[in-house]
Amino acid sequence: MDAIDRQILAELESEGRLTVTELAQRVRLSPAPCHRRLRELERTGVIKGYRAQVDPAAVGLGFEVVVAITMDREDAATITAFEAGLAAVPHVRHAERLFGDPDYLLRVLAPDLAGYAAMRDETLATLPGVRRLTSTIVMKRIVDSRPLPLTSTSSTPT
């Protein structure tokens, strides 16, 4: 991946609906080579897909909670069952397994406090191996869905 590929990615991250012609103009290529590079980035999985960013509050999911989960068992079967169960919960926006404590960190969306409380008690707390759930209500997002620092010098591997 060279500087032009990184520039293509940066442009698409900031505005994913660019036409190939518009993208080519922004990265100073003619459309045909730009299109070839774009297709190669898609083929190799660097570009994983395209989608709209939807405002959760606009669709009734404006209540966000960061949930820390500590497991009581961490054998392979329990972890597999827990992660499969977690992946099936549609209101879990992000889920990450961590080293150390807590074992998992989630971002969960709900319509309101009552909706989250029901989901916490009836779904999240009942997943295999859960010992403790700690919920923190998000007051305000400061940085969200920031594009990757693809064109800065600090992102270049040494």
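Residues in the sequence shown are numbered from 1 upward in steps of one, following full-length UniProt numbering.
Just so it is clear, CB atoms sit at the ideal spot from N, CA and C, and this is done for glycine as well.
In this text, all values refer to a predicted model and were calculated from it rather than measured experimentally.
query                                                                                                                                                          : result
Measuring alpha carbon to alpha carbon, tell me which of Met119, Asp103, Ala114 ends up nearest Pro90.                                                         : Met119
Would you mind reading off the limits of the beta strand (DSSP E) that contains Ile137?                                                                        : 130 to 137
Beta-carbon separation of Pro147 and Ala58 under 8 Å?                                                                                                          : no
Where does Arg132 land, buried or exposed, given buried means 16+ other C-beta within 10 angstroms?                                                            : exposed
Consult DSSP for Phe63 and reduce its assignment to one of helix, strand or coil.                                                                              : strand
Which word fits Asp103, buried or exposed, when buried means at least 16 other C-beta atoms lie within 10 angstroms of its C-beta?                             : buried
Note down the Cα distance separating Thr126 from Gly60, rounded to an integer number of angstroms.                                                             : 25 Å
Check whether the stretch 42 to 50 touches the stretch 108 to 117, taking contact to mean three or more Cβ pairs, one atom from each stretch, closer than 8 Å. : no
Nearest by alpha-carbon distance to Leu109: which of Asp101, Gly49, Val67 is it?                                                                               : Val67
Compute the Euclidean distance between the alpha carbons of Thr70 and Arg17, then round it to the nearest angstrom.                                            : 40 Å
Under three-state DSSP, which class holds Glu15?                                                                                                               : coil
Can you tell me whether Arg73 is buried or exposed, with buried defined as 16 or more other CB within 10 angstroms of its CB?                                  : exposed
Kindly indicate the opening and closing residues of the beta strand (DSSP E) around Glu96.                                                                     : 92 to 97
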